[in-house]
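Using mature numbering (1 follows the signal peptide of the UniProt record, and there is no 0), the letters of the sequence shown correspond one by one to residues -17 to -1, 1 to 223. The structure under discussion appears below in the form of structure tokens.
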Amino acid sequence: MALLYALVLRLLHALLALKAKLQRGLVRWDSLGLAWKRRRPRRAFAGGRGRGKGVGGADGDDVGGDEEEEGRRGLEMARHDGRALRKLPVHVGLVLSEAAGAERGVRDVANAVLWCVALGVSYVSVFDARGMLKETNGRLMEEVLRQQREQLGSDWSKRKVEFVDDQSAEALLQGTPALKGFPDPDLVLRFGRVESTLGYPPWQLHLAEIIPVGPLQGLCYEDLHSAMRGFAECEQRFGK
């Protein structure tokens, strides 16, 4: 089973949803849709910003200031980078396969969601194959809202966040148009070392580009931006 979290954002509105039953959740942010799924592709381990180092521990088990600082840095860059991309996905799915520390994982996922939002993505979905987010009892939603308020500032202060009920979240996962206008993902970012979408509904992936990103732990903005650039530069022929 999988924990689905959907965060929806459009212009003045965003949608985030959480289904805290087994592995799914969904949250709604007004008119636009953002859906995300937990699981993560591979990422480069050498060079650039160091990964996996939290305050008080070399392996990143302790939640420290690194994720906070990286989140702020990434948001500043994303606000400008989004305008430079030739095209943006409408719906980004985040698929998570690895077991990161729950608290740290929440911050890394929250960073990824808000970076997508700042780049201009309308829908973000998180597909949690291992149920990590379920263990945090809604902390992902709290963290996204906190960072949205503290880091995105007054420009986002009027955005309203609503939570979608379990029935709507389940219907969305099963491909039922429970949420009007909520599209299938056109880009899926896979986090972790497993080369699989781990149960992500295949009927929602028929037109999606699937790009591996790397480990979730210690996620840095450049990893996500690189995947976005790859999507912007690819030519989707849709079978032609």
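Built from N, CA and C at the ideal position, the CB exists for glycine as well.
Could you spell out the range, first to last residue, of the alpha helix (DSSP H) harbouring residue 80?
Here residue 80 is taken as the residue at index 97 of the sequence shown, counted from 1. Element bounds for residue 80: n/a, residue is neither H nor E.
Could you say if the stretch 205 to 213 and the stretch 114 to 123 meet the contact criterion of at least three C-beta pairs nearer than 8 Å?
no
Pairing CB atoms from the stretch 62 to 70 with CB atoms from the stretch 166 to 175, are three or more of them under 8 Å?
no
Pull up the distance between the alpha-carbon of residue 73 and that of residue 105, whole angstroms please.
The residue labelled residue 73 in the question sits at position 90 within the sequence shown. The residue labelled residue 105 in the question sits at position 122 within the sequence shown. Roughly 5 Å separates the two Cα atoms.
Which residue wins for smallest C-alpha separation from residue 108, given the options 169, 204, 205, 215?
Taking the sequence shown and counting its residues from 1, one reaches residue 108 at position 125. Among 169, 204, 205, 215, the Cα nearest to that of residue 108 belongs to 169.
Is it the case that the Cβ atoms of residue 100 and residue 77 are separated by a distance below 9 Å?
Reading the sequence shown from its first residue, position 117 is the one you call residue 100. Reading the sequence shown from its first residue, position 94 is the one you call residue 77. Not in contact: residue 100 and residue 77 (Cβ atoms no closer than 9 Å).
Which word fits residue 202, buried or exposed, when buried means at least 16 other C-beta atoms lie within 10 angstroms of its C-beta?
The sequence position of residue 202 within the sequence shown is 219, counting from 1. It counts as buried.
Segment limits, alpha helix (DSSP H) that includes residue 53
In the sequence shown, counting from the first residue as 1, residue 53 sits at position 70. Taken as a continuous stretch (DSSP letters only), the alpha helix (DSSP H) holding residue 53 covers 49 to 67.
Same chain, Cβ closer than 7 Å to residue 57, five either side skipped, listed in chain order
Counted from its first residue, the sequence shown places residue 57 at position 74. Correct list, in chain order: 94, 98, 204.
Indicate the three-state DSSP secondary structure (helix, strand or coil) for residue 206 in the structure shown.
Your numbering for residue 206 matches position 223 in the sequence shown. Residue state, collapsed to three classes: helix.
Who are the Cβ neighbours of residue 90 in its own chain at under 8 Å, not counting the five residues just before and after it?
Position 107 of the sequence shown, counted from the start, is the residue given in the question as residue 90. Cβ neighbours of residue 90 beyond the five flanking positions: 46, 50, 51, 54, 126.
For residue 123, count the other beta carbons within 10 Å of its own beta carbon; 16 or more makes it buried, fewer makes it exposed. Which is it?
Here the question's residue 123 lines up with position 140 in the sequence shown. It counts as buried.
Which residues in the same chain have their Cβ closer than 6 Å to the Cβ of residue 166, if we skip the five residues on either side of it in sequence?
The residue given as residue 166 occupies position 183 in the sequence shown. Result list for residue 166: 73, 74, in chain order.
Apart from the five residues just before and just after residue 130, which ones in its own chain have a Cβ nearer than 7 Å to its Cβ?
For the purposes of this step, residue 130 is taken as the residue at position 147 of the sequence shown. Around residue 130: 54, 93, 97.
Which of the three DSSP states is assigned to residue 213 in this structure?
In the sequence shown, counting from the first residue as 1, residue 213 sits at position 230. It is helical.
Does the Cβ-Cβ distance between residue 70 and residue 215 come in under 9 Å?
Start at 1 with the first residue of the sequence shown, and residue 70 comes out as number 87. Start at 1 with the first residue of the sequence shown, and residue 215 comes out as number 232. In contact: residue 70 and residue 215 (Cβ atoms closer than 9 Å).
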